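Counting from 1 along the sequence shown, just add 4 to a position and that's the residue number in the working numbering.
Working notes, beginning with the structure itself.
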Amino acid sequence: MTLSNSLIIRKNTFSLSQWFWFAFFASLILKIYLAYLVPITGDEAEYIGWAQQLQGGYYDHPPMIAWILHPFILFSTSNICARFLQIITANFIAVLMYLGFRSLDREKAYGIALLYLISPISLFNITILTDTPLVLFSFLGIFCLFLAEKDNFRFYYYALSGVFLGCAYLSKYLMFPLALCVFIYFLTATNIPRRLLKGCLVILGALPFFIQNIVWNYSHDWVNFLFNLELRNKNSHFTALHLVTYIAFLFYMFSPFVIIAIVKRYRTCLTLLHKKPYRLLTLSALLPLLFYAVLAFVKKIGLHWVFCAYPFLFMLLFGVLHTSTIRRYARWMFYYTGFQLIIALAVFHVPLSFWQTKPYFPKINWFLNYEQIEPVLQPYLDQQFILLTPSYAQSYLLTYKQNKTAAVWGVGTVHGRQDDLSNDFKQFNQKNMVIVDLDRKLSSLSVAPYFVRYTVLERNLNGMPYRLIIGYGFNYAHYRATVLKAIYLTYYQVPAFLPRGEFYYKNKYQF
5 MTLSNSLIIR KNTFSLSQWF WFAFFASLIL KIYLAYLVPI TGDEAEYIGW AQQLQGGYYD
65 HPPMIAWILH PFILFSTSNI CARFLQIITA NFIAVLMYLG FRSLDREKAY GIALLYLISP
125 ISLFNITILT DTPLVLFSFL GIFCLFLAEK DNFRFYYYAL SGVFLGCAYL SKYLMFPLAL
185 CVFIYFLTAT NIPRRLLKGC LVILGALPFF IQNIVWNYSH DWVNFLFNLE LRNKNSHFTA
245 LHLVTYIAFL FYMFSPFVII AIVKRYRTCL TLLHKKPYRL LTLSALLPLL FYAVLAFVKK
305 IGLHWVFCAY PFLFMLLFGV LHTSTIRRYA RWMFYYTGFQ LIIALAVFHV PLSFWQTKPY
365 FPKINWFLNY EQIEPVLQPY LDQQFILLTP SYAQSYLLTY KQNKTAAVWG VGTVHGRQDD
425 LSNDFKQFNQ KNMVIVDLDR KLSSLSVAPY FVRYTVLERN LNGMPYRLII GYGFNYAHYR
485 ATVLKAIYLT YYQVPAFLPR GEFYYKNKYQ F
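Structure follows, in structure tokens:
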């Protein structure tokens, strides 16, 4: 064998296709381990609770997260079962990326899919989020539309695209920029008769999901819309710092070299707007990022806000980069993500004692060890005490482990107000209660008016003091006149221009 033949064999031994399938299975194993290692968070416990009580909608979000999570927790609510959809979503999307591009360039298609698969968000995001169905269905909606345009009008792909985009709408309203992309895509199409037909097929597919959400909000004080469009945006204000933070997020999420590659080749990206299948990908990749860049001047943009556009920027690279460059970027991405993985694993294996002197120790301690509070609470639960905490996250974590509803005490915050819909404090009148006060912020004076008598017990969780407030004979009338009335006036004032099918919260407590 000659030296040149040997080098060719060595080069072919490490093809992008082989690296992709190795990364595919290795990432699954790694994510299963991470899902097992990281305890369930408060938000995750909330979504698990929703999935155990299916409804047509929820206070914070549309219902898709509960609907899609439900079959995964039918037999077990363990970390891996509850997170299984999140574990496989990025891998599933990566395979579809390859299938979508393989007829154009098989090796490059594997490279793009590999680059996405080993990126930080794809590899580390193992927690249950409302963004999970959002990313999945947003991708499927745009991907079906991409296939329909690429294969010259297969009408069922357009209808299917609408169905998936409708599911994305029922996942989270952050899919709006992608809906805007689809609208602009059809608006700027050159074939007018076909443009109308294609657009109508997409709309017909999505329409039932839109109607369902409108009907539910109409009969539930429009809580979804009030929360997402008004209540959570009350403190928004202009500041350039939000934009700087947003740009930093983009560099982290996609990696510096991917962002720099897109910026350096922006002219190539613009030329892709004139190529039918690439035009859709270019809009889906760049328009949401630009939309949130403008919004960042007045609103703090979370890392997860751009998840729905995340796969499309990698797909855009297919029309921008050569295969050799993609191969090099995949190697860089391996080092970039691998370094972060080492740090993450080290942090989760650090002994708890390391954090004891840190100011955030109480939150870490509770997050890792909240199960240890169960023996302390059990005697009260056996006596049918009502379990409460002042925090929705803490309440849902206790509900998740105790398999007994933990209500939220007090007015609370704008977030996590599903408790307003799920629990009825009229049913607690004259009942006994045990309130877990993790932050020790509830004073004796603040709880005294609501009970015939009460006891405050000091307890300790791995060196962290917390309180149990044992209340006897809950005074519902006084709680209604103070706390529940404050909740009503703060969170359930629906604008007059919105029609209402039912004054849900007002009628519930007869205000």
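Idealized CB from N, CA, C, for every residue including glycine.
Predicted model only: the values in this text are computed from it and were never measured.
Taking only three categories from DSSP, how would you classify Arg269?
coil
Alpha carbon to alpha carbon, what distance is there between Asn479 and Gln514?
16 Å
Using 8 Å for Cβ pairs, my map puts Tyr173 next to Ala210. What's the rounded Cβ distance?
7 Å
Is Phe478 helix, strand or coil when you go by DSSP?
strand
Which residue or residues does DSSP assign as beta-bridge partners of Thr393?
Thr393 is bridged to Val412.
Around the C-beta of Pro212, are 16 or more other C-beta atoms found within 10 angstroms, so that it is buried, or is it exposed?
exposed
What residue range does the beta strand (DSSP E) around Leu465 cover?
455-465
Let me confirm a value: Ala485 is counted as buried when at least 16 other C-beta atoms fall within 10 Å, else exposed. Which label applies?
By the neighbour-count criterion, in which 16 or more other beta carbons inside 10 Å mark a residue as buried, Ala485 falls on the exposed side.
By how many angstroms is the C-alpha of Ile215 removed from the C-alpha of Trp226?
Distance between the alpha carbons of Trp226 and Ile215: 13 Å.
If you measure from the CB of Phe128, is any heavy atom of the ligand ZN nearer than 8 Å?
Judged by which ligands are present, the structure shown has none, so any question about the ligand ZN falls away.
Give me the DSSP bridge partner(s) of Val440.
Beta-bridge pairing by DSSP links Val440 to Leu472.
Determine contact between the segment 270-288 and the segment 319-337, defined as no fewer than three beta-carbon pairs at a distance below 8 Å.
yes
Once the 5 residues before and after Phe143 are set aside, which same chain residues still bring their CB inside 6 Å of it?
A distance below 6 Å between beta-carbons, with the five flanking residues on each side excluded, links Phe143 to the following residues of its chain, in chain order: Ile97, Pro315.
Considering only the alpha carbon of each residue, which of Leu41, Leu385, Gly104 lies closest to Tyr282?
Gly104
Please report the Cβ distance between Gly416 and Tyr396, rounded to the nearest whole angstrom; I am assuming they are in contact, meaning their Cβ atoms lie under 8 Å.
6 Å
Between which two residues does the alpha helix (DSSP H) containing Thr341 stretch?
Residues 327-352.
To the nearest angstrom, report how far apart Leu230 and Leu325 are at their CA atoms.
43 Å
Given a cut-off of 9 Å on the beta-carbon distance, is the pair Leu58 and Phe76 in contact?
no
Determine the direct distance from the alpha carbon of Ile251 to that of His65, and round the result to whole angstroms.
26 Å
Are the Cβ atoms of Ser123 and Phe258 separated by less than 9 Å?
Their beta carbons are under 9 Å apart, which means Ser123 touches Phe258 by this criterion.
Can you name, in chain order, every residue of its own chain whose Cβ lies under 7 Å from the Cβ of Lys202, other than the five neighbours on each side?
Tyr162, Phe190
Shortest alpha-carbon distance to Leu465 belongs to which of Lys489, Asp424, Asn407, Tyr374?
Tyr374
In three-state terms, what does DSSP make of Lys280?
helix
Measure how close the beta-carbons of Asn232 and Asn221 come, nearest whole angstrom, since I'm counting them as under 8 Å.
Their Cβ separation, rounded to whole angstroms, is 11 Å, which puts Asn232 and Asn221 out of contact at 8 Å.
DSSP three-state label for Gln406, please.
If DSSP states are grouped into helix, strand and coil, Gln406 belongs with the helices.
Note down the Cα distance separating Ile218 from Tyr495, rounded to an integer number of angstroms.
Each residue's alpha carbon lies about 19 Å from the other.
What does a CB cutoff of less than 8 Å around Cys3 pick up in its chain, not counting 5 residues either side in sequence?
This structure gives no information on residue 3, because the portion of the chain shown stretches from 5 to 515.
Straight-line CA distance for Tyr40 to Glu378?
21 Å
If the criterion is Cβ atoms closer than 9 Å, does the pair Ile36 and Thr136 meet it?
no
Give me the residue from Asp155, Val438, Ala117, Leu425 with the minimum Cα distance to Tyr492.
Considering only alpha carbons, the answer is Leu425.
So Phe541 and Tyr333 are in contact, right, with Cβ under 8 Å, and what is the actual spacing, rounded?
Nothing can be reported for residue 541: it is not among the residues displayed for the chain, which extend from 5 to 515.
Please list, in chain order, all residues of the same chain as Leu140 whose beta carbon is under 7 Å from its beta carbon, the five residues on each side excluded.
Thr93
Output the distance between the C-alpha atoms of Gly170 and Thr134, rounded to the nearest integer angstrom.
15 Å
Using 9 Å as the threshold, is the C-beta distance between Val99 and Ser165 below it?
no
Tell me which same chain residues have a C-beta within less than 8 Å of the C-beta of Ser10, skipping the five on either side of it?
The pLDDT assigned to Ser10 is 42, lower than 50, so where the model puts this residue is not dependable; a value taken from the coordinates is nonetheless given after this. Same-chain partners within the cutoff: there are none.
Distance check for Ile188 and Ala410, CA to CA, integer angstroms please.
46 Å
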